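A short worksheet on the structure shown next.
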Amino acid sequence: MNKYLIVILLFCESCFWNDSHHQKIISDFEVGWVNSPICNNIYYKSQGIFKECVFAVGKDDKFIIVKTHPLDNIEAETEIKRTTNFYIIEIEKYKEDPTQSLSRGIFGPYTYGGFINQKSKLNISKDINFTLIFHELE
Numbered sequence: 775m776n777k778y779l780i781v782i783l784l785f786c787e788s789c790f791w792n793d794s795h796h797q798k799i800i801s802d803f804e805v806g807w808v809n810s811p812i813c814n815n816i817y818y819k820s821q822g823i824f825k826e827c828v829f830a831v832g833k834d835d836k837f838i839i840v841k842t843h844p845l846d847n848i849e850a851e852t853e854i855k856r857t858t859n860f861y862i863i864e865i866e867k868y869k870e871d872p873t874q875s876l877s878r879g880i881f882g883p884y885t886y887g888g889f890i891n892q893k894s895k896l897n898i899s900k901d902i903n904f905t906l907i908f909h910e911l912e
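In my numbering, the protein residues as written are 775 to 912.
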């Protein structure tokens, strides 16, 4: 009986300490953090996509655009804020192949110039902007 009680208590304790915050972007895509508000990620059906800190997101019906800072140390979640990477997620392609950053629906990382060029190649509307910005991570 005591063994079962200990297992139940350990399980419940892990539930209480697993803090997170997520905000819906579109469909099954969310932006948020798990265990540490230091670093956001994009999630598709609760699976993290990037190994970088997401600090700005924009979207339309077909694409999600993402600004990130690469991580200097993934375990410590320390960012390299002097570097900014840009990504494009083609929503339907990602849904067909949801393999995190290796998906056929992920384009990038790009510099700003490469990002603008890829937006043009994919015929992404010029009206899509970064509308969700996490200034504390910027």
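Backbone N, C-alpha and C define an ideal beta-carbon position, used for all residues, glycine too. Note that the structure is predicted; figures quoted are calculated from it, not measured.
Alpha helix (DSSP H) segment containing residue i, residue limits
| i | result |
| --- | --- |
| residue 894 | 886–895 |
Residues bridged to residue i (per DSSP)
| i | result |
| --- | --- |
| residue 912 | Residue 912 pairs with nothing; no bridge assigned. |
| residue 821 | 818 |
| residue 837 | 864 |
| residue 827 | 843 |
Buried or exposed (CB count within 10 angstroms, at least 16 for buried), residue i
| i | result |
| --- | --- |
| residue 886 | exposed |
| residue 795 | exposed |
| residue 855 | exposed |
| residue 833 | buried |
Supposed close pair residue i, residue j - CB separation, criterion 8 Å
| i | j | result |
| --- | --- | --- |
| residue 840 | residue 906 | Actually they do not touch by this definition, with Cβ atoms about 10 Å apart. |
| residue 870 | residue 836 | In fact, because the Cβ distance is near 14 Å, the residues do not count as touching under 8 Å. |
| residue 896 | residue 862 | 7 Å |
| residue 817 | residue 872 | Contact flag wrong, Cβ pair sits at about 11 Å. |
| residue 889 | residue 860 | 4 Å |
| residue 805 | residue 812 | At roughly 14 Å, the Cβ-Cβ gap does not stay under 8 Å, so residue 805 and residue 812 are not in contact. |
| residue 843 | residue 826 | 6 Å |
C-beta atoms of residue i and residue j nearer than 7 Å
| i | j | result |
| --- | --- | --- |
| residue 815 | residue 828 | yes |
| residue 884 | residue 874 | no |
| residue 868 | residue 882 | no |
Residue interval of the beta strand (DSSP E) (run including residue i)
| i | result |
| --- | --- |
| residue 902 | Where residue 902 is concerned, there is no enclosing beta strand (DSSP E), given that its DSSP letter is neither H nor E. |
| residue 798 | 794–800 |
| residue 806 | 803–808 |
Heavy atom of the ligand SAM within 6 Å of residue i beta-carbon
| i | result |
| --- | --- |
| residue 808 | The ligand SAM is not among the ligands present in this structure, which contains no ligands whatsoever. |
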